[in-house]
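The sequence shown stops at residue 305 when you use the UniProt record's numbering, and every number in between is there. Just so you know, even glycine gets a beta-carbon here, dropped at the ideal spot from N, CA and C.
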Amino acid sequence: MHESLDFTRTRPWGRPACMTPDILCIGSVLWDVIGRSNAHMHKGSDVPGRIVRLPGGVALNIAMAAKAYGMTPALLSVVGRDVEGDELVAALERLGLVTEMLYRSEDLPTDVYMAVEGGNGLIAAIADAHSLEAAGDKVLRPLEGLNFTGPIAVDGNLTQDLLGQIAADARFAHADLRIAPASPGKAERLLPFLTHGSATLYVNLEEAGLLLHAPQPDAPTAAETLRKRGLHRALVTDGSRTTACAHPGGVIARMPRSVMVTRVTGAGDTFMAAHIAAEAQGADPAAALDRALEAAATYVSGDTY
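Okay, structure coming up:
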């Protein structure tokens, strides 16, 4: 159990530990194994392409994007003490992420996501996140005795029980919680946060409708309705259509910049990280939303950020 975390200490093998984090990212940290081909594919296709293995997972994607925007993220998740886990942690440290808060399990393997993508989009994917689910609240152990006042990003890959525990935990009652659903299929796991007094929810229009148990006509309506349910703040995206932020001062609506879309997966994580980083640098609600939309547009267009 991590009773004390000194981020300025020197590690046993002589390399200084990472800097003190200014954002915590709680959720999935795993290997993405992606097979890509330019060919259009269907069931039973056998085509040439490329297979890559990259660090992934919603919490990690948010952390990597936040790092790109100048923040120092720490990861709270489970990574096995297997070869894959050692390689993953080494990759994260090369990226400049704080890994001291990871739960390194002796008996749980490192999680993995596997997908096949063709010229006609995602063909199939399997997410093996059983270790994150099995670890449960062990991933929260580093928070014991840790006086952290910065933003805490939480992703919906955590179990429904653990998400409910976080929403009800007195330690998080006034915390700057930033919540991402991970996917529409996991959106309803976030229902306990709808009455949280300091949580910010980042969802797309479909996910907002699932949380509200009714389809929503547009992002401003959805964001305002989420606020009326008791949520502190809601940011709702809708692809190339209007994005909205409902906050205690009202509702801000913006149209994203029109771009040629070359990738979509990860755009929401980039939007969320850019919004958090903008606010950490002092941006007001409108400016933070503008910067998040610009970051997402740059990302989906395939340009570097």
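The beta-carbon distance between C25 and I62, rounded to whole angstroms, is 5 Å. This is short enough to meet the 8 Å contact definition. Beta-carbon to beta-carbon, F172 and I179 are separated by about 11 Å, too far to satisfy the 8 Å threshold. Straight-line measurement puts the Cα of P21 at about 12 Å from the Cα of N147. In the structure shown, N147 falls within a coil segment according to DSSP collapsed to helix, strand and coil. Cβ contact annotation for A297 (same chain, cutoff 7 Å, sequence separation greater than five): P256, R257, V259, in chain order. Residue environment: Q281 is assigned as exposed (fewer than 16 neighbouring CB atoms within 10 Å of its CB, all protein chains considered).
Taking a C-beta distance under 8 Å as the contact criterion, L76 and P142 qualify as a contact pair.
Between the alpha carbons of R81 and L30 lies a gap of roughly 13 Å. Inter-segment contact for the stretch 198-210 and the stretch 218-235 is present: three or more beta-carbon pairs are separated by less than 8 Å. Leaving aside the five residues that flank M71 on each side, the residues in its chain whose CB is nearer than 6 Å to its CB run, in chain order, D22, I23, A277. With a cutoff of 8 Å on beta-carbon distance, A125 and M114 are scored as near each other. With a cutoff of 8 Å on beta-carbon distance, A219 and T243 are scored as near each other. Taking the C-beta atoms as reference points, S37 is found no nearer than 8 Å to P55. Residue range 250-254 is occupied by the beta strand (DSSP E) that includes R254. Within its own chain, the residues whose Cβ lies closer than 8 Å to the Cβ of L92, once the five positions on either side in sequence are excluded, are V29, P55, L60, L75, T99, listed in chain order.
Shown here, T110 sits in coil according to DSSP, grouped into three states, outside any helix or strand.
Annotated three-state conformation of T225 is helix, per DSSP. Closest in C-alpha terms to Q160, from the list Y202, G57, R53, D137, comes D137.
Going by beta carbons, V154 and L191 fall outside the 8 Å limit. Rounded to whole angstroms, the gap between the alpha carbons of V89 and L102 is 9 Å. The beta carbon of Y202 lies closer than 6 Å to those of A180, L235, M272 in the same chain, with the five residues before and after it left out.
In this structure, S131 lies near L108, with their beta-carbon atoms less than 8 Å apart. Here the alpha carbons of A253 and D86 stand approximately 44 Å from one another.
The beta carbon of R53 is closer than 6 Å to those of W31, V33 in its chain, skipping five residues each way along the sequence.
By the neighbour-count criterion, in which a residue is buried when 16 or more other Cβ atoms sit within 10 angstroms of its Cβ, D111 is buried. Across the set S183, A65, G302, V251, the C-alpha of V251 shows the shortest separation from the C-alpha of K228. Straight-line spacing of the CA atoms in A39 and L212 works out to 39 Å. Contact between V78 and G27 does not hold, since the beta-carbon distance rounds to 10 Å and is not under 8 Å.
Each of A127, P215, A168, A288 was checked against the Cα of A246, and the nearest Cα belongs to A288.
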